[in-house]
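Engineer: First to last, the sequence lines map onto chains A and B.
When you line the first sequence up against numbering that gives the first Met the number 0, it's residues 0 to 303, in that order.
When you line the second sequence up against numbering that gives the first Met the number 0, it's residues 0 to 488, in that order.
This is the structure I have questions about; it appears just below.
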Amino acid sequence: MKYNLELIKNKRKIISFSTVLILLSLIGILYSTFNTSYKKPINLGMDFVGGNEIRIERVCEEECSNFSPDSVIEYLREISQNKNVLNNIKLQSQNNNKLISIRTPYLSIEESTNLINNLDNIIGPLNYESKDSRLIGPKLGKRLLINCVTSLLVSLFAISLYITIRFDKKYALFALLALFHDLLIVFGIFSWLGIILSVEVNSLFAVSLLTIAGYSVNDTVVIFDRIRENLRSSKKGYNENIQLSVNESFRRTTFTSITTLIPLLSLILFGSYSLFWFSLSLSLGIIIGSYSSILLAPSFLLED
Amino acid sequence: MKRRQGWLFFIIFLLTLSVYLLINYPLQLGLDLQGGSQLTLQIIKEEGKVTNDELDAVYSVIDRRVNNLGVSESNLQTLGGDQLILELPGEQNPLVASRVLGKTALLEFRTQKEGTSTNLKNLQIQRLNIKELTEQFSISENSQYDANLIKIIQDDLKEIEQELDYSSTSSDLYGKLIEIKKYIDKEITNLFIKTDLSGKDLINAGRRQEQTNSNWEVLLTFSSSGGEKFAKLTKSIAGTNQLLAIILDGESISEASVGSQFANTGITGGSATISGNFSAENARELEVQLKGGSLPLPIEIVEANTIGALLGSKNILKSLYAAICGLILVGIFMIFNYRILGFVSVLSLVLYGFLNLALYSLIPVTLTLPGISGLILSIGMAVDANILIFERIREELDDGNTLTRSIDSGFQRANSSIVDGHITTILSCFVLFLLGTNFVKGFAATLGIGVLISLFTSLNCSKTILRFFTTYQTLRQKSLYLPRKNFSN
Numbered sequence: 000m001k002y003n004l005e006l007i008k009n010k011r012k013i014i015s016f017s018t019v020l021i022l023l024s025l026i027g028i029l030y031s032t033f034n035t036s037y038k039k040p041i042n043l044g045m046d047f048v049g050g051n052e053i054r055i056e057r058v059c060e061e062e063c064s065n066f067s068p069d070s071v072i073e074y075l076r077e078i079s080q081n082k083n084v085l086n087n088i089k090l091q092s093q094n095n096n097k098l099i100s101i102r103t104p105y106l107s108i109e110e111s112t113n114l115i116n117n118l119d120n121i122i123g124p125l126n127y128e129s130k131d132s133r134l135i136g137p138k139l140g141k142r143l144l145i146n147c148v149t150s151l152l153v154s155l156f157a158i159s160l161y162i163t164i165r166f167d168k169k170y171a172l173f174a175l176l177a178l179f180h181d182l183l184i185v186f187g188i189f190s191w192l193g194i195i196l197s198v199e200v201n202s203l204f205a206v207s208l209l210t211i212a213g214y215s216v217n218d219t220v221v222i223f224d225r226i227r228e229n230l231r232s233s234k235k236g237y238n239e240n241i242q243l244s245v246n247e248s249f250r251r252t253t254f255t256s257i258t259t260l261i262p263l264l265s266l267i268l269f270g271s272y273s274l275f276w277f278s279l280s281l282s283l284g285i286i287i288g289s290y291s292s293i294l295l296a297p298s299f300l301l302e303d
Numbered sequence: 000m001k002r003r004q005g006w007l008f009f010i011i012f013l014l015t016l017s018v019y020l021l022i023n024y025p026l027q028l029g030l031d032l033q034g035g036s037q038l039t040l041q042i043i044k045e046e047g048k049v050t051n052d053e054l055d056a057v058y059s060v061i062d063r064r065v066n067n068l069g070v071s072e073s074n075l076q077t078l079g080g081d082q083l084i085l086e087l088p089g090e091q092n093p094l095v096a097s098r099v100l101g102k103t104a105l106l107e108f109r110t111q112k113e114g115t116s117t118n119l120k121n122l123q124i125q126r127l128n129i130k131e132l133t134e135q136f137s138i139s140e141n142s143q144y145d146a147n148l149i150k151i152i153q154d155d156l157k158e159i160e161q162e163l164d165y166s167s168t169s170s171d172l173y174g175k176l177i178e179i180k181k182y183i184d185k186e187i188t189n190l191f192i193k194t195d196l197s198g199k200d201l202i203n204a205g206r207r208q209e210q211t212n213s214n215w216e217v218l219l220t221f222s223s224s225g226g227e228k229f230a231k232l233t234k235s236i237a238g239t240n241q242l243l244a245i246i247l248d249g250e251s252i253s254e255a256s257v258g259s260q261f262a263n264t265g266i267t268g269g270s271a272t273i274s275g276n277f278s279a280e281n282a283r284e285l286e287v288q289l290k291g292g293s294l295p296l297p298i299e300i301v302e303a304n305t306i307g308a309l310l311g312s313k314n315i316l317k318s319l320y321a322a323i324c325g326l327i328l329v330g331i332f333m334i335f336n337y338r339i340l341g342f343v344s345v346l347s348l349v350l351y352g353f354l355n356l357a358l359y360s361l362i363p364v365t366l367t368l369p370g371i372s373g374l375i376l377s378i379g380m381a382v383d384a385n386i387l388i389f390e391r392i393r394e395e396l397d398d399g400n401t402l403t404r405s406i407d408s409g410f411q412r413a414n415s416s417i418v419d420g421h422i423t424t425i426l427s428c429f430v431l432f433l434l435g436t437n438f439v440k441g442f443a444a445t446l447g448i449g450v451l452i453s454l455f456t457s458l459n460c461s462k463t464i465l466r467f468f469t470t471y472q473t474l475r476q477k478s479l480y481l482p483r484k485n486f487s488n
């Protein structure tokens with residue numbers, strides 16, 4: 000099975016396609032920074048801003064269906080103590096009103112327990128065995144954010160350093176360009192998801208960006224390795240050699256992506272809800288990473 | 000060939016060893032998989048960094064309090080130099096723990112300043128009023144919403160505020176009640192002068208129910224020097240109208256007079272009781288705090304996660320399905336595309352899985368949800384190495400090389416790419432592990448371990464198994480190693 004991607008012919012198209020993607024991401028990031036309620040490049044989740052999140056199941060069958068989130072909040076307002084919190088409460092129900100999830104600003108453990116007790120009075124009985132409650136103070140949130148951003152920057156720096164030592168300057172530069180291209184687009188997609196679906200990012204999103212970085216660089220390195228090898232041994236022209244190398248590594252890169260995507264897909268389908276967006280952002284990163292390794296990074300190397 | 004056979008035995012040995020390890024040392028499951036609560040305690044220091052000595056001191060106080068609380072199988076660790084993590088497995092309510100641990104529990108004994116009697120009496124009356132309002136408020140909470148009652152409480156509260164010349168800042172009624180109570184307790188404290196007797200002079204604390212009513216009291220036992228100080232202190236104010244206040248964290252919890260019969264010797268015997276209208280719960284909490292000593296630095300609970308046991312076991316099942324499903328599909332994909340080679344990679348993947356789990360139980364790595372996703376992701380990366388090698392082997396075969404030579408040079412030529420890819424991932428994992436939070440650390444640990452093991456299994460085990468296969472004549476047909484299409488040509 001031989002592949003024949005016409006890289007040389009399509010160089011323009013590839014680079015303009017990537018430019019469009021990057022522009023769309025930048026628009027999303029800018030829109031999110033200036034035109035949303037949270038005024039951040041991306042919708043930061045509870046991990047970073049602090050707050051309280053409770054998910055709990057109700058013990059009921061058919062009678063579950065007869066309640067509306069608004070009426071529950073109304074009740075909670077009446078009997079609860081902390082008004083400030085209740086003005087910013089968000090209540091959602093899933094699975095035929097059986098699964099309740101609540102988001103509030105930061106509460107003390109005592110207040111949070113009170114809230115659940117009140118909820119039990121209104122729409123109980125609740126199944127405490129299925130409770131999932133997370134409570135993060137605003138101070139810790141800020142610290143986590145700083146922590147995540149430093150981890151990202153430090154490891155990007157480490158990866159860049161490694162590549163610069165390992166390859167010539169030109170290769171290193173293009174591998175890094177491809178890497179930042181991937182990260183920017185995934186970031187942009189999540190900016191848009193935040194704007195449209197109010198999807199929030201948490202510390203696992205930072206982890207996924209880092210994993211994507213490692214992965215994308217890995218893919219590009221494999222192809223650049225092949226290009227160097229072919230340039231040394233073959234007598235064909237420079238551009239033809241690059242195109243040949245890409246075609247020779249095409250199978251490997253797509254297969255690798257597929258074998259990594261399969262477990263991720265099963266995580267998306269069967270995994271716990273807390274891993275859903277994480278798996279999704281990894282999958283997106285891997286798809287974009289393969290594209291940039293196969294098509295974009297080698298296109299940079301082509302001579303006009 | 001002999002050396003390869005040695006490797007084969009080594010691999011079989013490793014497999015047996017890891018199965019043995021897994022049976023005898025079961026995996027440690029994180030709280031998100033077994034259910035339980037996790038509290039993160041932040042040490043607060045206004046200036047400068049928390050030193051190691053201070054961290055140790057806080058740790059030992061918290062540790063004593065946790066032990067005195069009697070929570071089973073709890074686990075306390077330090078994190079990042081100024082944080083502590085407390086894990087409470089199972090269905091234990093983190094509420095009590097949070098109340099007991101969060102307080103500094105600095106106990107002081109103070110004597111009343113001269114000429115403050117009227118002031119004190121006034122404050123004590125207001126404290127009683129507030130107490131009554133709080134009781135009324137909790138009654139209203141547990142019954143039907145009654146706007147009238149709330150209005151009455153609000154009006155009374157305003158009067159008290161005027162009397163005290165203090166306006167509360169809380170936004171809701173309950174918060175106001177608590178705030179004013181605190182204010183009064185602090186004002187009372189200000190009417191008293193510090194003495195040299197404090198919580199440091201205690202050797203034990205206990206509690207018992209008062210005989211006359213259902214309230215509880217807390218018993219204090221002083222050290223011998225503490226007992227002497229207490230006797231001297233009580234002697235100095237016995238029979239006067241000066242009161243003795245017991246103050247916890249700057250708020251007076253009890254004021255008492257000392258009878259004139261103690262004027263000669265003071266209260267001897269080295270013990271005292273605090274009867275401040277404690278409920279059974281409050282008395283127990285104070286007992287635990289006093290037994291553990293006061294915290295050298297205040298702490299704040301900055302994070303609390305609770306996961307029900309049922310949800311934990313659901314999480315295990317879900318991740319298990321995801322992992323098994325992923326593995327089987329990857330296996331099918333590999334065998335379908337690479338045939339014999341694919342089968343080899345499946346074998347080495349199984350070994351990879353066992354080695355990973357065995358290392359988790361050996362190190363030990365506590366398995367959490369992000370940890371499992373790290374493991375699942377690392378499967379993909381382990382397969383990547385195999386794909387790189389197999390593609391090279393096929394190219395060599397296409398060039399007309401013999402099977403043995405193709406296999407050898409396939410492994411050799413894929414080597415540098417594999418090592419490069421693994422190193423970039425290990426770099427990321429290393430940084431994540433150093434800088435990341437607990438949650439992130441779990442992911443970095445399993446992914447990092449996975450990638451390290453994959454270096455061994457893909458470069459060595461795959462090769463050994465492949466070599467072993469090629470010793471059988473029937474498995475040496477080149478066609479078994481090439482893609483299906485070539486086969487049909």
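Where is the CB? At the ideal position from N, CA and C, for every residue including glycine.
A:I108 touches chain B at which residues, Cβ-Cβ below 7 Å?
Structural biologist: Result: P93, L94, S97, I300 and A303.
Engineer: Less than 7 Å between C-beta atoms, sequence neighbours within five positions excluded: which residues of the same chain meet that for B:E286?
Structural biologist: The residues are A204, G205, R206 and V217.
Engineer: Using a Cβ cut-off of 7 Å, pull out every chain A residue sitting near B:T365, in sequence order please.
Structural biologist: In chain order: nothing, as chain A lies at least about 17 Å away.
Engineer: How long is the line joining the alpha carbons of B:L54 and A:P40, rounded to whole angstroms?
Structural biologist: If you take the alpha carbons of B:L54 and A:P40, they lie about 37 Å apart.
Engineer: Drop a sphere of 10 angstroms on the beta-carbon of B:Y182, count the other beta-carbons inside from all chains shown, and report buried for 16 or more, exposed for fewer.
Structural biologist: By the neighbour-count rule (16 or more Cβ atoms within 10 Å), B:Y182 is buried.
Engineer: Could one say the Cβ of B:Q41 lies closer than 8 Å to chain A's Cβ atoms, at least one of them?
Structural biologist: Chain A, which has a Cβ nearer than 8 Å to the Cβ of B:Q41, makes this yes.
Engineer: Is it true that the segment 164–178 of chain A meets the segment 203–223 of chain A, where meeting means three or more beta-carbon pairs spaced less than 8 Å apart?
Structural biologist: Counting Cβ pairs under 8 Å, three or more are found: they touch.
Engineer: Terminal residues of the continuous alpha helix (DSSP H) containing B:Q114?
Structural biologist: For the sequence presented, residue 114 of chain B should be read as Gly rather than Gln. Unbroken run through B:G114: none, as it is neither H nor E.
Engineer: Would you call the segment 94–104 of chain B and the segment 319–333 of chain B touching, i.e. three or more CB-CB distances under 8 Å?
Structural biologist: Not touching, per the Cβ criterion.
Engineer: Can you list the beta strand (DSSP E) stretches of 3 or more residues lying completely in the segment 199–280 of chain A, in chain order?
Structural biologist: Listed in chain order, nothing qualifies, since the segment 199–280 of chain A has no complete beta strand (DSSP E) run of 3 or more residues.
Engineer: Counting pairs of Cβ atoms below 8 Å between the segment 354–373 of chain B and the segment 431–446 of chain B, do you hit three or more?
Structural biologist: Yes: the two stretches touch, three or more of their Cβ pairs being nearer than 8 Å.
Engineer: With 8 Å as the threshold, decide whether the Cβ of A:I122 is near any Cβ in chain B.
Structural biologist: Judged by the 8 Å Cβ criterion, A:I122 is not in contact with chain B.
Engineer: Look at the alpha carbon of A:T103 and the alpha carbon of A:N42, and state the distance between them as a whole number of angstroms.
Structural biologist: Going by the C-alpha atoms only, they are around 16 Å apart.
Engineer: Taking all protein chains shown into account, decide if A:S154 is buried (16 or more other Cβ within 10 angstroms of its Cβ) or exposed.
Structural biologist: Buried, since its Cβ has 16 or more Cβ neighbours within 10 Å.
Engineer: Under 8 Å between beta-carbons, which chain B residues line up against A:E128? List them in chain order, please.
Structural biologist: In chain order: G34, E90, G307, A308, L309 and L310.
Engineer: I need the boundaries of the beta strand (DSSP E) containing B:V301, first residue and last residue.
Structural biologist: I298 to I306 is the extent of the beta strand (DSSP E) around B:V301.
Engineer: Quick one: measure Cβ to Cβ for A:L90 and A:I72, integer angstroms, because I've assumed they're closer than 8 Å.
Structural biologist: That pair is a contact at about 6 Å.
Engineer: Can a CB atom of chain A be found closer than 8 Å to the CB of B:K317?
Structural biologist: Yes, B:K317 counts as interfacial toward chain A.
Engineer: Could you check whether the Cβ of B:S487 sits closer than 8 Å to any Cβ belonging to chain A?
Structural biologist: In this predicted model, B:S487 has a pLDDT of only 41, less than 50, meaning its place in the structure is not dependable; the value taken from the coordinates is given anyway. No - not a single Cβ of chain A is within 8 Å of the one on B:S487.
Engineer: Any idea which residues DSSP pairs A:I135 with across the strands?
Structural biologist: A:I135 pairs with A:G50 and B:E302.
Engineer: Please look up how many angstroms separate the CB atoms of A:F173 and A:F277, rounded, as I've assumed it's under 8 Å.
Structural biologist: That pair is no contact at about 29 Å.
Engineer: Closer than 8 Å by beta-carbon distance: list the chain A residues that pair up with B:F442, in chain order.
Structural biologist: Those are L203 and V206, listed as they occur along chain A.
Engineer: Report yes if the C-beta distance between B:K112 and B:F191 is below 8 Å; otherwise report no.
Structural biologist: For B:K112 and B:F191, yes; Cβs fall inside 8 Å.
Engineer: Whole angstroms are fine: how far does the CA of B:F342 sit from the CA of A:G236?
Structural biologist: Near 39 Å, if we compare the C-alpha coordinates of B:F342 and A:G236.
Engineer: Rounding to the nearest angstrom, what Cα-Cα distance links B:C324 and B:V18 in this structure?
Structural biologist: So the alpha carbons of these two residues sit roughly 21 Å apart.
Engineer: Are the C-beta of A:S244 and some C-beta of chain B separated by less than 8 Å?
Structural biologist: False, the Cβ-Cβ gap to chain B never drops below 8 Å.
Engineer: Is A:N3 close to chain B, meaning its C-beta is less than 8 Å from at least one C-beta of that chain?
Structural biologist: A:N3 does not count as touching chain B.
Engineer: Hey, would you say A:F254 sits closer than 8 Å to A:I293, going by beta carbons?
Structural biologist: Against a cut-off of 8 Å, the Cβ pair of A:I293 and A:F254 comes out as no contact.
Engineer: Going by DSSP, name the residue or residues bridged to A:W191.
Structural biologist: Paired residues: none, contrary to the question.
Engineer: Measuring CA to CA, which of B:I362, B:S312, B:P297 and B:A303 is closest to B:D81?
Structural biologist: Among B:I362, B:S312, B:P297 and B:A303, the Cα nearest to that of B:D81 is on B:P297.
Engineer: Which residues in chain B sit within 7 Å of A:R251, going by Cβ to Cβ distance?
Structural biologist: Here the neighbours are I386, L387 and E390.
Engineer: Give, in chain order, every unbroken run of the alpha helix (DSSP H) that is at least 4 residues long and sits entirely within the segment 187–275 of chain B.
Structural biologist: 223–236, all fully within the segment 187–275 of chain B.
Engineer: Interface residues of chain D around B:P297 at Cβ under 8 Å?
Structural biologist: Absent from the structure is chain D; the protein chains it does hold are A and B.
Engineer: From B:L474 to B:F468, what does the alpha carbon distance come to, in whole angstroms?
Structural biologist: Using only the alpha carbons, I get a separation of about 6 Å.
Engineer: Can you pull out the residues from the segment 247–271 of chain B whose beta carbon lies closer than 9 Å to at least one beta carbon of chain A?
Structural biologist: Answer set for the segment 247–271 of chain B: empty.
Engineer: Suppose the cutoff is 6 Å on Cβ atoms and the five residues either side in sequence are ignored; what does the same chain contact list for B:K167 look like?
Structural biologist: Sequence check: residue 167 of chain B is Ser here, not Lys. Same-chain partners within the cutoff: K175, E178 and I179.
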